[in-house]
C-alpha cells in the first residue's frame, strides 16, 4: 500500500471517527440538559407539594384569631387569614384569587386563608415557561415546546397541575470534551493504523523474502542449466577423444593415441575451469577482505568504460577525501560492483545530450559511506522496490541480474547498498563498507 494513500485513508478514518464520536457526545450533552431540567422540575414539584401538604395540615388547627405576622413566620405562603359566615360544608374548598394566589377554605371552622405560591415559581430556573394551573388540572396543555413536563399534585383539596417548558441550549455545550475526544480519536486511530501498517509491512516483507528466495532458486536453476549446457560440449568432446584413443591403442598407433589423450585432457581442464567459475558465483565461502584504495578502483573502472562514457558524453567527477579512500573489501569484487553501477548510470543517460556521474566518499566512525549520483531520470517507484530482484530490469533488453549480483557482492564484503532518488533529480546509490582499521572476514 502506498504511504500517501495510507496516510490519506488514516486521516479520513480519523475524521469520520471524530465526527461520529462528536455527534454522540453532542447528543449526550443535550440529553444531560434534558435530565438536568427534569431534576429541576421534580425538585420544584416536590417543594410546592410540601407547601400544599403544610397548608392542609395547618388549616384544621387555625381558629381565625391567630396573629397573621406570627403565622407567616412559619408559613410564609399564607398572606391572609379571614373568618367566613354560613359557608356550606359542601362548597368548593379552593377559589382562585388571581395570578398564583388562591383561597383555601375550612367550612367546619368557617375560616379561610389566602395562599400565594408566586414566590416559589419565581425562583431561579432554566425553563422557558413555568405555570401552575389552579382551575383545570386535567386540561391538556397547548404547547409546541421542544421539551414539556406536567405533573398533578396528589393533595385532595388542592388538585393543581404544575407544567413547564424548555428548549435545548444548542450552542451552549462545553468545548473541552470535544477537544479531548478528537485527540483521543486521533490517538486511537493512529495506534490502530500504525499497528495495521506494521502488520502490512511485515506481510509485504515476508512476501518479498519468499519471492526473493524463489527468484534466487530460479536464478540458480537458470545458471545451472547454462553451466550444464557448457559442460556438455567439452564432456562430449572428451568422450569422443577417449574412444578414439582406445581404437588407436587396439590398432597400435601410440603416437595418435597420445594426441587424442592430450585433447581429452584439454577438454577435462575446460570442464574444471567451468566448475570453478560456477562455484565462485554460488558458494558462500569466506573471503579474506583487505584494505583497498577506492580511488584506484574507480580509476580502473573508469578506464574500462572509457569508450562507453565518451560515446555517451558522460562527465565523471569524484570527491575522495584523504580519510575516505581506504575500504575493507575484495578488490575484484569492489571493481565489479563499481563497474555495474557506473555502467547502469551511463545507460540511464543514453537519451541525453550530456550527462554526469559523481562519486563521493565520507568517513563515518568505523564505516565508509560511498555515494554515487548521476544526472539521469532516477529510479521509478517500481525500480526502488524490485531493483535487487533477479531478472528485473528497468532497461529494455536488460537481463536483470546485474543489481542482484551487485547486492550479493556488497553483502559478502560486509557492506550495505540502498537506492534513492536525489532531491535535485537523478539516482543516488549509497554504499557503506567497513573502514580497514581492523581485520574482518566476509
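Numbering (my numbering), first residue to last: 3 to 444. Note that CB positions come from ideal geometry on N, CA and C, so glycine has one too.
Residue 169, buried or exposed, once every other Cβ within 10 Å from all chains shown has been counted against 16 = Residue 169 comes out exposed.
Inter-residue spacing [alpha-carbon to alpha-carbon] between residue 182 and residue 20 | In this structure, the CA atom of residue 182 is about 11 angstroms from the CA atom of residue 20.
DSSP beta-bridge partners for residue 419?
-> Note: residue 419 sits in a beta bridge opposite 433.
Between the Cα of residue 261 and the Cα atoms of 274, 273, 245, which residue gives the shortest distance?
-> Of the candidates 274, 273, 245, 245 places its Cα closest to the Cα of residue 261.
In this structure, what does DSSP give as the bridge partners for residue 376?
-> Per DSSP, 359.
Might you give, ordered along the chain, the residues of its own chain that have their beta carbon closer than 6 angstroms to the beta carbon of residue 422, omitting 5 neighbours on each side?
-> Once the five neighbours on either side are set aside, the close Cβ partners of residue 422 are 430.
How many whole angstroms separate the CB atoms of residue 118 and residue 81, which I take to be in contact at a CB cut-off of 8 angstroms?
-> So it is a contact: roughly 5 angstroms between Cβ atoms.
Distance between beta carbons of residue 129 and residue 39, contact taken as under 8 angstroms | Contact holds; Cβ gap of about 7 angstroms.
Taking 8 angstroms as the threshold, find out whether the stretch 294 to 311 comes into contact with the stretch 261 to 271 through three or more Cβ pairs.
-> Too few Cβ pairs lie closer than 8 angstroms, so no.
Grouping DSSP H, G and I as helix and E and B as strand, with all else coil, what is residue 264?
-> Note: residue 264 maps to helix in three-state DSSP.
Residue 55 to residue 16 span [Cα, whole Å] | Spanning the two alpha carbons is a distance of roughly 57 angstroms.
Is it buried or exposed for residue 445, if we count other Cβ within 10 angstroms and need 16 for buried?
-> The chain is shown from 3 up to 444; residue 445 falls before or after that span and cannot be answered.
Tell me whether the beta-carbon of residue 162 lies closer than 7 angstroms to the beta-carbon of residue 173.
-> Not in contact: residue 162 and residue 173 (Cβ atoms no closer than 7 angstroms).
Is the stretch 319 to 339 touching the stretch 407 to 420 in the sense that three or more CB pairs, one from each, lie closer than 8 angstroms?
-> Contact between the stretch 407 to 420 and the stretch 319 to 339 is present, with at least three C-beta pairs closer than 8 angstroms.
DSSP state of residue 199, grouped into three classes?
-> In the structure shown, residue 199 adopts helical secondary structure according to DSSP, grouped into three states.
Touch test, the stretch 321 to 337 against the stretch 350 to 358, Cβ-Cβ under 8 angstroms, three pairs minimum = Contact between the stretch 321 to 337 and the stretch 350 to 358 is absent, because fewer than three Cβ pairs lie under 8 angstroms.
Proximity winner among 121, 97, 102, 405, relative to residue 114 (alpha-carbon distances) = Nearest of 121, 97, 102, 405 to residue 114, Cα basis: 97.
Neighbourhood of residue 122 by C-beta distance below 8 angstroms, restricted to the same chain and skipping five residues each side | Closer than 8 angstroms at the Cβ level, and outside the excluded window around residue 122, lie 46, 49, 50, 53, 79.
Would you kindly check if the distance between the Cβ of residue 164 and the Cβ of residue 196 is under 7 angstroms?
-> Not closer than 7 angstroms, so no.
Three-state secondary structure (DSSP) at residue 255?
-> Taken through DSSP and simplified to helix, strand or coil, residue 255 comes out as coil.
In this structure, does DSSP put residue 333 in helix, strand or coil?
-> Here DSSP, grouped into helix, strand and coil, assigns residue 333 to helix.
If we count the other Cβ atoms within 10 Å of its Cβ and call it buried at 16 or more, is residue 22 buried or exposed?
-> By the neighbour-count rule (16 or more Cβ atoms within 10 Å), residue 22 is not buried but exposed.
Is the Cβ-Cβ distance between residue 437 and residue 344 less than 7 angstroms?
-> Cβ atoms of residue 437 and residue 344: not closer than 7 angstroms.
Is residue 428 buried or exposed, if buried means 16 or more other CB atoms sit within 10 Å of its CB?
-> Buried, by the Cβ-count rule.
Could you name the residues of the same chain whose beta carbon sits closer than 7 angstroms to that of residue 304, not counting the 5 residues immediately before and after it, in chain order?
-> These residues qualify, in order along the chain: 318.
Can you list, in chain order, the residues of its chain whose CB lies under 6 angstroms from that of residue 432, leaving out five sequence neighbours each side?
-> Taken in chain order, the residues that qualify are 373, 420.
Distance CB(residue 85)-CB(residue 66) smaller than 7 angstroms = The Cβ atoms of residue 85 and residue 66 sit closer than 7 angstroms to each other.
Whole-angstrom Cβ separation of residue 193 and residue 28, contact assumed at under 8 angstroms?
-> Residue 193 to residue 28, Cβ: 25 angstroms. No contact.
When the distance is taken between beta carbons, is residue 250 closer than 7 angstroms to residue 259?
-> With contacts defined by Cβ atoms closer than 7 angstroms, residue 259 and residue 250 form a contacting pair.
Secondary structure of residue 133, DSSP reduced to three states | Strand at residue 133.
What did DSSP end up calling residue 172 once you bin it into helix, strand or coil?
-> Coil at residue 172, not helix or strand.
Unbroken stretches of the beta strand (DSSP E), 3 residues or longer, contained in the stretch 295 to 325 = Qualifying beta strand (DSSP E) stretches, in chain order: 316 to 321.
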